[in-house]
Amino acid sequence: YLIVHYKWEASLLILGATAWLMGILSWNFIKDPPASPKKQPPEPAPGGRIIEADSQKGDHEFTLSEAMHTPTFWVMFLIYVISAISFQMVVVHIVVAAVDMGIAVGAAAIILTIIGATSTLGRLTLTGLADKIGGRTLLALSLGLQAGAFLALARTSELVVLYIIAAVYGLMYGSIMPLMPTMTGNFFGLKWVGSIFGMMNIGYLGGAAIGPLAAGYIFDLTGSYEMAFVSAGILTLGALLFCLRLELPRKG
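Here you go:
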């Protein structure tokens, strides 16, 4: 709406000012939690809970260096990189791809609106499933459904189907965003979780830079976004395989 009525330069200024204002207002509501006595951590449920007893033990507080010497860190790092590549391959090009299919620009732009709305919904609702089915199970489920959405995206040109795919994808992608830092804390402890997850975020940002360029390059070679979306699906299936290898890390 903003781009149509005010051009993209003004739209970015408006969005930036809005984010700045909301950030300042939100900061006023952040309070330190009250101190509470330490509680005995709960035992993990079968299949792995999102908060696992082993991850809360004293010998499970990893420094960044110690975490980076475990296979678990690099498996999670690769999952995050692949998620970023796949997401950006699609989200940056999806509107242009839809327009190439003959869909009107305004209707195509709604695809991004749907992804954003369902992503927010996924963050707020689906993450709670991890307490019941386990964080790794939810992560695997989300990656599997995302891969299916990408592959379906490559085979359709119907607007309604595109909206459905966008909704499924946004919901699943949204569930991963809060799940990854939570699982990082579960695996490596909370004392240095900021630096550990910060290092993982470097991988995410690298993947986010690669994804749009890769999709654009594939389009230049083939004249279509079909192979770009198929590639995103295959990459996400690879992340799913990595997810199946996740296990609690051990020091030394």
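Mapping of the sequence shown onto the working numbering: residues 9 to 260, in sequence order. Yeah, the Cβ is synthetic: ideal placement off N, Cα and C, and Gly gets one too.
Would you check if the distance between the CB atom of L198 and the CB atom of T135 is smaller than 7 angstroms? Your numbering for residue 198 matches position 190 in the sequence shown. Your numbering for residue 135 matches position 127 in the sequence shown. Contact: no.
Any idea if H101 is buried or exposed, counting beta-carbon neighbours within 10 angstroms, 16 or more meaning buried? Sequence index remark: in the sequence shown, residue 101 carries index 93 (1-based). Buried, by the Cβ-count rule.
Does the Cβ of F237 have 16 or more other Cβ atoms within 10 Å, making it buried, or fewer, making it exposed? To locate residue 237, count along the sequence shown from 1; it is residue 229. With 16 or more other Cβ atoms within 10 Å, it is buried.
Taking the beta carbon of S203 as the centre, do at least 16 other beta carbons fall within 10 Å, making it buried, or is it exposed? Within the sequence shown, numbered from 1, the residue matching residue 203 stands at position 195. Its Cβ having fewer than 16 others within 10 Å, S203 is exposed.
With DSSP collapsed to three states, give me the class of E166. Numbered from 1 along the sequence shown, position 158 holds the residue referred to as residue 166. Looking at E166 - three-state DSSP - the assignment turns out to be coil, as it is neither helix nor strand.
Over the uninterrupted alpha helix (DSSP H) stretch that includes Y9, give me the two end residues. Here the question's residue 9 lines up with position 1 in the sequence shown. Here Y9 belongs to no alpha helix (DSSP H), and DSSP marks it neither H nor E.
In the structure shown, what three-state DSSP assignment does S203 receive? Taking the sequence shown and counting its residues from 1, the one referred to as residue 203 is at position 195. Helix at S203.
By the 10 Å Cβ neighbour count, where 16 or more other Cβ atoms means buried, how is I122 classified, buried or exposed? Counting from 1 along the sequence shown, the entry for residue 122 is found at position 114. Its Cβ being crowded by 16 or more others within 10 Å, I122 is buried.
Sub-7 angstroms separation of G211 and V89 beta-carbons: Translated into positions along the sequence shown, residue 211 becomes position 203. Translated into positions along the sequence shown, residue 89 becomes position 81. Taking 7 angstroms as the Cβ cut-off, G211 and V89 qualify as a contacting pair.
Would you kindly work out how many angstroms separate the C-alpha atoms of Y14 and L86, rounded to a whole number? Within the sequence shown, numbered from 1, the residue matching residue 14 stands at position 6. Within the sequence shown, numbered from 1, the residue matching residue 86 stands at position 78. Going from the Cα of Y14 to the Cα of L86 covers about 39 angstroms.
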